[in-house]
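Novice: Here the sequence shown is numbered in full-length UniProt numbering, starting from 1 and rising by one per residue. From the three backbone atoms N, C-alpha and C, an ideal C-beta is built for every residue, glycine too.
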Amino acid sequence: MLLSKKTVLIKDTTPKKSIFRIGRFIAEFQLRNQFQKDKKQVGKWMRDEMIDLGPAFIKIGQFMSTRIDVFGKDITTYLAELQDQIYPIPFDLLEFVLHQEYGGDYKQIFSSIDPIPIASASIGQVHRGFLKKSNQDIVLKIQKPGIENQIKDDLKTLISINKLFSKFGFQQAKDFEAILNQYESFLSSELNYINEAKHMAYFRRKLIDQRVYIPKPLSQSTQKVLVMEYVESIKINNIEEINRRNINRKELARDLVTVFLYQIINLGHVHCDPHPGNLGIGKNGEIVLFDFGNVVVLSKEFREKVNRLVFSIYQKDIDEFLELLIQLKILQLEDNFDILELKAFFNYFFDYLETLNFDQLKTAILNKDIFVNNTFKIKIDPNFLSLFRLFSLIDGTCSLLDQNFNYISNLAPFSDNLFMDSEFIDYRIKKDLQKIQSYPKLLKSTDQNILRVNRRFIKMNDQLNKFKFLFIFIAVMNDIEDPVKLGFLFPMLLFFFWKEKK
């Protein structure tokens with residue numbers, strides 16, 4: 001994998017960020033997001049700041065980029081530009097990790113390692129090499145020295161400071177806190193390459209009957225060095241080479257979606273980062289999956305929800321689909337939410353599934369009030385967002401491979417299989433009976449849902465207090481050593497806490 005010329009350079013050894021530097025970032029984000037009308041400028045500023053702040057913030061920014069329901073399209077569009085791939089650090093710095101992981105002399109295990117990386121990310125760096133005993137051609141993913149402590153320290157500081165803003169009633173701070181907690185739970189798994197090796201072994205066993213290949217993880221893997229077999233492949237978006245090899249692009253697109261639907265519906269373990277850089281085509285035309293650092297495990301209950309959703313999508317039943325989202329708490333609506341507005345949005349969703357017009361869907365999502373207006377706030381289950389992001393990643397690849405591709409036809413085999421499931425049949429019978437019985441209530445509910453409630457009104461006094469706090473916080477952070485400012489800050493903080501409590 002070649003490094004892009006547009007790749008962001010992060011210093012080899014990034015010093016621990018000052019608590020005041022991180023504090024200024026959070027305060028300025030709250031201030032800009034609250035009062036700056038041009039959210040694109042807010043997003044651009046956040047992207048640049050997170051790059052400068054280092055790996056922990058780049059990772060968090062990537063998590064934030066999936067939460068369009070929280071941060072809106074203008075901010076998340078820029079955060080989506082945050083890339084893991086960065087300029088590599090010198091190999092001699094990685095040798096310290098190798099010696100540490102292999103008892104002082106890694107050359108007893110590996111006959112050679114190419115010092116020129118084939119890929120570099122914020123946490124690890126990828127190199128080709130050979131095992132000493134077998135001379136097997138391998139790939140090593142080596143964790144950068146000191147990166148674990150750096151990310152954990154930055155994240156801990158970020159969580160602590162953000163809690164301060166959450167106490168002042170900043171909704172964005174509360175939403176941000178949920179994202180930070182989600183990333184914190186994911187972080188320990190991502191930093192331990194043994195977990196990734198286990199994921200690879202699991203998928204190799206479970207997907208053996210699918211047209212997909214996963215590189216074999218090797219026993220030489222450690223917590224900070226992932227060792228796997230080298231698999232020759234071309235990128236899945238290399239259309240010119242695919243055509244030259246006479247690979248059936250239509251079948252390739254179908255296989256790609258099928259293998260991910262199978263993971264969601266049948267396995268409950270899902271590779272959630274299928275961007276083109278992690279998808280290859282092997283020498284026999286099979287799909288090759290790389291990078292299992294981001295794997296989501298779905299509970300049986302959640303998978304049952306998804307099965308029902310798949311059936312409602314296949315039947316093109318918007319009412320059933322939306323009702324499932326609400327009843328199963330995949331979609332959590334605030335009080336007085338306009339259900340008709342949401343139904344109108346999902347019309348675009350079903351049209352998209354048939355046409356694979358992602359631009360149309362994207363425009364619809366980003367322009368609908370439910371995502372960009374505070375009047376229509378929604379909260380979406382993180383697992384559901386992960387799946388939505390997953391398919392938003394692969395549909396670009398599918399449309400590139402097959403211009404006539406659509407999801408509905410690929411859902412057919414999975415929907416048909418549901419009729420063999422006795423639990424699903426019982427559910428459908430009960431559901432149909434409930435639907436008949438609920439018609440009178442449905443009419444009354446629909447009548448109530450027509451009313452719109454404007455919830456964008458915020459008390460001017462609350463906004464003013466928050467603005468004062470942010471202004472004072474940023475001003476003091478710029479010169480924290482000044483005793484006069486310190487003496488001024490703490491009485492003000494106590495005053496605002498007192499005001500909030502009243």
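How long is the line joining the alpha carbons of residue 123 and residue 316, rounded to whole angstroms?
Specialist: Taking the straight line from one Cα to the other gives about 43 Å.
Novice: Please classify residue 132: does DSSP put it in a helix, a strand, or coil?
Specialist: coil
Novice: Checking 8 Å against the spacing of the C-beta atoms, do residue 386 and residue 296 come in under that value?
Specialist: yes
Novice: Tell me whether residue 229 sits in a helix, a strand or coil according to DSSP, three-state version.
Specialist: strand
Novice: What runs of the alpha helix (DSSP H), each 4 residues or longer, lie entirely inside the segment 233-275?
Specialist: 239-244 and 249-262
Novice: When you compare the CB of residue 147 with every CB in chain D, is at least one pair closer than 8 Å?
Specialist: Among the chains of the structure shown, chain D does not appear; only one protein chain is present.
Novice: Note down the Cα distance separating residue 80 from residue 72, rounded to an integer number of angstroms.
Specialist: So the two alpha carbons sit approximately 12 Å from each other.
Novice: Is residue 87 helix, strand or coil by DSSP?
Specialist: Here residue 87 sits in coil by DSSP.
Novice: Within the same chain, show all residues whose beta-carbon is closer than 8 Å to that of residue 18, passing over the 5 residues directly before and after it, in chain order.
Specialist: none
Novice: So, helix, strand or coil for residue 174, using DSSP?
Specialist: helix
Novice: Taking DSSP's pairing of strands, which residues face residue 217 in a bridge?
Specialist: 228
Novice: Determine which residues share a DSSP beta bridge with residue 288 and list them.
Specialist: Residue 288 is bridged to 213 and 280.
Novice: State the DSSP-derived secondary structure class of residue 392, mapped to helix, strand or coil.
Specialist: helix
Novice: Find out if the Cβ-Cβ distance for the pair residue 267, residue 305 is shorter than 8 Å.
Specialist: no
Novice: For the alpha helix (DSSP H) containing residue 166, list its first residue and its last residue.
Specialist: 147-167
Novice: How big is the Cα-Cα spacing for residue 161 and residue 42?
Specialist: If you take the alpha carbons of residue 161 and residue 42, they lie about 20 Å apart.
Novice: Please classify residue 458: is it buried, with 16 or more other beta-carbons within 10 angstroms of its beta-carbon, or exposed?
Specialist: Because the pLDDT at residue 458 is just 46, under 50, the model does not fix this residue reliably, and the value given afterwards should be weighed accordingly. The residue is exposed, with fewer than 16 neighbouring Cβ atoms inside 10 Å.
Novice: Let me know the secondary structure DSSP gives residue 346 once reduced to three states.
Specialist: Correct three-state label for residue 346: helix.
Novice: Start and end of the beta strand (DSSP E) containing residue 143?
Specialist: From DSSP, the beta strand (DSSP E) with residue 143 extends over 137-143.
Novice: Just to confirm the assignment, what range does the beta strand (DSSP E) spanning residue 110 have?
Specialist: 110-113
Novice: Determine whether the beta carbon atoms of residue 142 and residue 225 lie at a separation below 8 Å.
Specialist: yes
Novice: Just tell me which of 391, 135, 169 and 321 has its CA closest to the CA of residue 111.
Specialist: Closest option to residue 111, Cα to Cα, is 135.
Novice: Can you have a look at residue 507 and say buried or exposed, based on whether 16 or more other CB atoms are within 10 angstroms of its CB?
Specialist: Nothing about residue 507 can be reported from this structure: the residues present for the chain run from 1 to 502 only.
Novice: Suppose the cutoff is 8 Å on Cβ atoms and the five residues either side in sequence are ignored; what does the same chain contact list for residue 403 look like?
Specialist: none
Novice: Per DSSP, residue 125 forms a beta bridge with which residues?
Specialist: 120 and 142
Novice: Rounded to whole angstroms, how far is the Cβ of residue 108 from the Cβ of residue 132, which I believe are closer than 8 Å?
Specialist: 7 Å
Novice: Mapping the DSSP letters down to three states, classify residue 420 as helix, strand or coil.
Specialist: For residue 420, the predicted model reports a pLDDT of 46, less than 50, meaning its position is unreliable and no value from the coordinates is stated.
Novice: Evaluate residue 178 with the Cβ neighbour count: other Cβ atoms within 10 Å of its Cβ, from every protein chain shown; 16 or more gives buried, anything less gives exposed.
Specialist: exposed
Novice: Can you say whether residue 196 is buried or exposed, counting buried as having 16 or more other CB atoms within 10 angstroms of its CB?
Specialist: Residue environment: residue 196 is assigned as buried (16 or more neighbouring CB atoms within 10 Å of its CB, all protein chains considered).
Novice: Measuring only the C-alpha atoms, how far is residue 318 from residue 407?
Specialist: 16 Å
Novice: What does a CB cutoff of less than 6 Å around residue 32 pick up in its chain, not counting 5 residues either side in sequence?
Specialist: 42
Novice: In the DSSP assignment, what are the bridge partners of residue 295?
Specialist: 271
Novice: Take residue 294 and list the residues in its own chain whose beta-carbon comes closer than 6 Å to its own, dropping the five residues that flank it on each side.
Specialist: Once the five neighbours on either side are set aside, the close Cβ partners of residue 294 are 272 and 273.
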